[in-house]
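K.L.:
After the structure tokens below, expect a handful of questions from me.
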Amino acid sequence: MPITVAALRETAAGERRVAITPEMAKKLHGKGLRVLLERGAGAAAGFPDEAYAEADFAAAAEVLTQADLFACVLPPDDAVFAQLREGAVVLGQLRPFGATARIAALAARKLTAFALELLPRTTRAQAMDVLSSQAAVAGYRAMLIAAEACPKFFPMLTTAAGTIRPSKVLVIGAGVAGLQAIATARRLGAQTEGYDVRPETREQVESLGAKFLDLGVSAAGSGGYARELSVEERAAQQQALAERLAAFDVVVSTAAVPGRPAPKILTAAMVAGMKPSALIVDLAAESGGNCELTRPGERVEQGGVTILGPLNLPAGAPLHASEMYARNVLNFAELLLKDGALAPDFDDELVAKSCLVRAGEVLFKA
Numbered sequence: 000m001p002i003t004v005a006a007l008r009e010t011a012a013g014e015r016r017v018a019i020t021p022e023m024a025k026k027l028h029g030k031g032l033r034v035l036l037e038r039g040a041g042a043a044a045g046f047p048d049e050a051y052a053e054a055d056f057a058a059a060a061e062v063l064t065q066a067d068l069f070a071c072v073l074p075p076d077d078a079v080f081a082q083l084r085e086g087a088v089v090l091g092q093l094r095p096f097g098a099t100a101r102i103a104a105l106a107a108r109k110l111t112a113f114a115l116e117l118l119p120r121t122t123r124a125q126a127m128d129v130l131s132s133q134a135a136v137a138g139y140r141a142m143l144i145a146a147e148a149c150p151k152f153f154p155m156l157t158t159a160a161g162t163i164r165p166s167k168v169l170v171i172g173a174g175v176a177g178l179q180a181i182a183t184a185r186r187l188g189a190q191t192e193g194y195d196v197r198p199e200t201r202e203q204v205e206s207l208g209a210k211f212l213d214l215g216v217s218a219a220g221s222g223g224y225a226r227e228l229s230v231e232e233r234a235a236q237q238q239a240l241a242e243r244l245a246a247f248d249v250v251v252s253t254a255a256v257p258g259r260p261a262p263k264i265l266t267a268a269m270v271a272g273m274k275p276s277a278l279i280v281d282l283a284a285e286s287g288g289n290c291e292l293t294r295p296g297e298r299v300e301q302g303g304v305t306i307l308g309p310l311n312l313p314a315g316a317p318l319h320a321s322e323m324y325a326r327n328v329l330n331f332a333e334l335l336l337k338d339g340a341l342a343p344d345f346d347d348e349l350v351a352k353s354c355l356v357r358a359g360e361v362l363f364k365a
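So in numbering that gives the first Met the number 0, spot 61 of the sequence shown is number 60, and the numbers just go up one at a time.
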């Protein structure tokens with residue numbers, strides 16, 4: 000019997016992505032694998048059942064009992080894991096940090112589970128890096144949200160009524176999301192600056208046609224992330240940033256580290272010093288926010304400044320986000336398959352370091 004690769008319709012609030020796209024289903028089928036989906040699994044992402052020419056469909060319970068490899072975008076309810084057959088493999092964004100109950104549920108069923116958030120940040124892992132692919136979507140959408148919510152035009156406009164000056168935009172954090180936000184702001188015609196505590200990002204920011212905001216604080220870390228600032232460095236950063244914020248119409252903050260609360264970069268006092276009508280879009284809202292005033296999923300008005308804390312931005316562009324995500328999943332799944340059978344190579348760093356649970360044995364401490 001061929002290996003069955005399965006997915007359900009995502010159930011998280013507002014989630015519209017799907018873990019298996021028609022393109023992925025075709026490639027899996029070409030490898031001699033069976034694809035089994037819940038009816039309507041891809042509909043919210045723009046993929047009707049008819050688009051999956053190489054997939055079978057069934058009710059959710061039937062999908063789970065037949066799955067050998069279960070792929071998800073976000074972790075389902077813990078009760079779902081109990082319906083999988085013992086020894087099945089679970090693959091996706093499993094949000095492992097602090098998820099002791101979820102990991103226990105996986106272990107109780109003797110499942111093997113891989114959390115793609117834990118992939119080492121190496122060149123070889125780039126094709127499987129769901130954090131990067133989905134961050135690119137989030138950065139793009141964050142700037143579109145900013146352009147919509149800003150009371151000013153982004154580009155310079157010359158009209159019969161006079162010339163409109165372009166908006167000044169600052170992007171805090173020059174990771175994948177930040178760089179995509181910078182690129183999008185530039186495409187929209189805004190005067191754009193980027194800031195990051197990692198000095199090596201200057202070249203990346205400037206390559207997009209933006210100006211690098213140098214605050215004199217450097218905190219290069221490992222694994223592509225910034226190290227935590229010392230008390231003195233943080234004070235110097237905030238003082239320098241506070242002096243510059245009044246010049247900007249829009250600030251998009253993207254600084255986040257998986258598994259940790261987002262660093263607080265924008266204080267209430269700094270917001271108070273911004274110009275009336277200024278806008279902050281806090282992309283780190285899900286992990287607490289970079290701004291002290293951010294409330295996840297809400298719009299806050301403070302002294303004429305608007306603070307937005309959008310959640311799960313990739314779900315707002317579900318078709319392309321799903322295509323990117325599914326390619327990541329497929330590339331990782333190929334590490335788990337050998338001659339049409341599930342045979343993860345735990346000597347492979349990418350396999351070993353992303354494994355939460357192995358045949359019921361917990362390998363990751365939440």
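Where a beta carbon is used, it is the ideal one built from N, C-alpha and C, also for glycine.
Using only the alpha-carbon positions, how far apart do I19 and A160 sit?
P.N.:
As a working note, residue 19 is residue 20 in the sequence shown. As a working note, residue 160 is residue 161 in the sequence shown. Roughly 51 Å separates the two Cα atoms.
K.L.:
Mind the definition here: the stretch 175-189 touches the stretch 136-149 only if three or more C-beta pairs lie below 8 Å; say whether that holds.
P.N.:
Yes: at least three Cβ pairs fall under 8 Å.
K.L.:
Do V196 and A184 have their C-beta atoms closer together than 8 Å?
P.N.:
One-based indexing of the sequence shown puts residue 196 at position 197. One-based indexing of the sequence shown puts residue 184 at position 185. No, the Cβ-Cβ distance between V196 and A184 is not below 8 Å.
K.L.:
Do I2 and A340 come within 8 Å of each other at the CB atom, strictly closer than that value?
P.N.:
For the purposes of this step, residue 340 is taken as residue 341 along the sequence shown, with counting starting at 1. For the purposes of this step, residue 2 is taken as residue 3 along the sequence shown, with counting starting at 1. Their beta carbons are under 8 Å apart, which means A340 touches I2 by this criterion.
K.L.:
Select from T157, L90 and S206 the residue whose C-alpha is nearest the C-alpha of C354.
P.N.:
For this step, residue 354 is matched to residue 355 along the sequence shown. Minimum Cα distance to C354 is reached at L90.
K.L.:
Starting from the C-beta of E37, find all residues in its chain whose C-beta is less than 6 Å away, skip the five residues before and the five after it, and write them out in chain order.
P.N.:
The residue labelled residue 37 in the question sits at position 38 within the sequence shown. Cβ neighbours of E37 beyond the five flanking positions: L7, R8, A59 and V62.
K.L.:
What residues in its chain sit with their C-beta under 8 Å from that of L329, if we drop five residues either side in the sequence?
P.N.:
Mapped onto the sequence shown, residue 329 falls at position 330. For L329, where only same-chain residues beyond five positions count, the Cβ hits under 8 Å are M23, K26 and L27.
K.L.:
Nearest by alpha-carbon distance to R140: which of L83, V280 and E202 is it?
P.N.:
Your numbering for residue 140 matches position 141 in the sequence shown. The candidate whose alpha carbon is nearest that of R140 is V280.
K.L.:
Taking only the alpha-carbon atoms, compute the straight-line gap between T121 and V350 and give it to the nearest angstrom.
P.N.:
For the purposes of this step, residue 121 is taken as residue 122 along the sequence shown, with counting starting at 1. For the purposes of this step, residue 350 is taken as residue 351 along the sequence shown, with counting starting at 1. Taking the straight line from one Cα to the other gives about 13 Å.
K.L.:
Can you check which of these residues, R243, S206, P260 and S252, is closest to E227 by C-alpha distance?
P.N.:
Within the sequence shown, the letter at position 228 stands for residue 227. Comparing Cα-Cα distances from E227 to each of R243, S206, P260 and S252, the minimum goes to P260.
K.L.:
Ignore the nearest five residues each way along the sequence and tell me which others in L292's own chain have a CB closer than 7 Å to its CB.
P.N.:
Against the sequence shown, residue 292 aligns to sequence position 293. So the qualifying residues of the chain are A267, V270, V299, Q301 and I306.
K.L.:
Please report the distance separating the alpha-carbon of E348 from that of T253.
P.N.:
Against the sequence shown, residue 348 aligns to sequence position 349. Against the sequence shown, residue 253 aligns to sequence position 254. Whole-angstrom Cα-Cα distance: 28 Å.
K.L.:
Within its chain, find whatever has a CB closer than 6 Å to the CB of G359; leave out the 5 residues flanking it on each side and keep chain order.
P.N.:
Start at 1 with the first residue of the sequence shown, and residue 359 comes out as number 360. Cβ within range, chain order: A106 and K109.
K.L.:
Could you check the C-alpha separation between P257 and G287 for me, to the nearest Å?
P.N.:
Reading the sequence shown from its first residue, position 258 is the one you call residue 257. Reading the sequence shown from its first residue, position 288 is the one you call residue 287. Straight-line Cα distance between these residues: approximately 12 Å.
K.L.:
For P165, which residues from the same chain have a beta carbon less than 8 Å from its beta carbon, with the 5 sequence-adjacent residues on both sides left out?
P.N.:
If you number the sequence shown from 1, residue 165 lands on position 166. Same-chain partners within the cutoff: F152, F153, P154, M155, G188, A189 and Q190.
K.L.:
On the premise that F247 lies in contact with K364, defined as a C-beta separation below 8 Å, what is that separation, rounded to the nearest angstrom?
P.N.:
The residue labelled residue 364 in the question sits at position 365 within the sequence shown. The residue labelled residue 247 in the question sits at position 248 within the sequence shown. No, K364 and F247 are not in contact; Cβ-Cβ is about 41 Å, not under 8 Å.
K.L.:
Using CA coordinates, which residue listed in T111, L130 and A112 is at the minimum distance from P119?
P.N.:
One-based indexing of the sequence shown puts residue 119 at position 120. For P119, the nearest C-alpha among the options comes from L130.
K.L.:
If you check the beta carbons only, do P21 and F56 fall under 8 Å apart?
P.N.:
Numbered from its first residue, the sequence shown carries residue 21 at position 22. Numbered from its first residue, the sequence shown carries residue 56 at position 57. No, the pair does not count as a contact, with Cβ atoms beyond the cut-off.
K.L.:
Where DSSP assigns a beta bridge to I171, which residues make up the other side?
P.N.:
What you label residue 171 is simply residue 172 of the sequence shown in a count that begins at 1. Answer is Y194 and S252, bridged to I171.
K.L.:
What separation, rounded to the nearest whole angstrom, lies between the Cα atoms of P343 and L115?
P.N.:
As a first step, residue 343 must be located in the sequence shown, where it is residue number 344. As a first step, residue 115 must be located in the sequence shown, where it is residue number 116. When rounded, the distance between both Cα atoms is 14 Å.
K.L.:
Can you tell which of T200, A277, L68 and P262 has its C-alpha closest to the C-alpha of L83?
P.N.:
If you number the sequence shown from 1, residue 83 lands on position 84. When each option's Cα is compared against that of L83, the closest is L68.
K.L.:
Leaving out five residues before and five after L207 in sequence, what residues of the same chain have Cβ atoms less than 7 Å from its Cβ?
P.N.:
Here residue 207 refers to the residue found at position 208 when the sequence shown is read from its first residue. L178, I181, A182 and R185.
K.L.:
Which of the three DSSP states, helix, strand or coil, is assigned to I102?
P.N.:
For the purposes of this step, residue 102 is taken as the residue at position 103 of the sequence shown. I102: helix per DSSP, three-state reduction.
K.L.:
Mind reading off the beta-carbon distance from G13 to N311? Whole number of angstroms is fine, and I expect it under 8 Å.
P.N.:
By 1-based counting over the sequence shown, the position of residue 13 is 14. By 1-based counting over the sequence shown, the position of residue 311 is 312. Between N311 and G13 the Cβ distance is about 6 Å, and since that is below 8 Å, they are a contact.
K.L.:
By the three-class DSSP mapping on this structure, what secondary structure does Q301 have?
P.N.:
Working through the sequence shown from its first residue, we reach residue 301 at position 302. Correct three-state label for Q301: strand.
K.L.:
Going by C-alpha distance, which of R16, Q65, T200 and V175 is nearest A42?
P.N.:
In the sequence shown, the residue the question calls residue 42 occupies position 43. The candidate whose alpha carbon is nearest that of A42 is R16.
K.L.:
When you compare only the Cα positions, how much space is there between Q236 and A255?
P.N.:
Within the sequence shown, the letter at position 237 stands for residue 236. Within the sequence shown, the letter at position 256 stands for residue 255. Answer to the nearest angstrom: the Cα atoms are 17 Å apart.
K.L.:
Taking 7 Å as the limit between beta carbons, can you name the residues of its chain near A390, skipping five residues before and five after?
P.N.:
Absent from the model: residue 390. The displayed extent of the chain is 0 to 365, so no value can be given.
K.L.:
According to DSSP, is I264 part of a helix, a strand, or is it coil?
P.N.:
Start at 1 with the first residue of the sequence shown, and residue 264 comes out as number 265. Coil, per DSSP.
K.L.:
Taking the DSSP output, what are the residues bridged to K337?
P.N.:
Counting from one through the sequence shown, the residue named residue 337 turns up at place 338. According to DSSP, K337 bridges with A340.
K.L.:
DSSP beta-bridge partners for I2?
P.N.:
Here the question's residue 2 lines up with position 3 in the sequence shown. None, per the DSSP bridge assignment.
K.L.:
Beta carbon of A145, beta carbon of V249: below 8 Å?
P.N.:
Numbered from 1 along the sequence shown, position 146 holds the residue referred to as residue 145. Numbered from 1 along the sequence shown, position 250 holds the residue referred to as residue 249. Cβ atoms of A145 and V249: closer than 8 Å.
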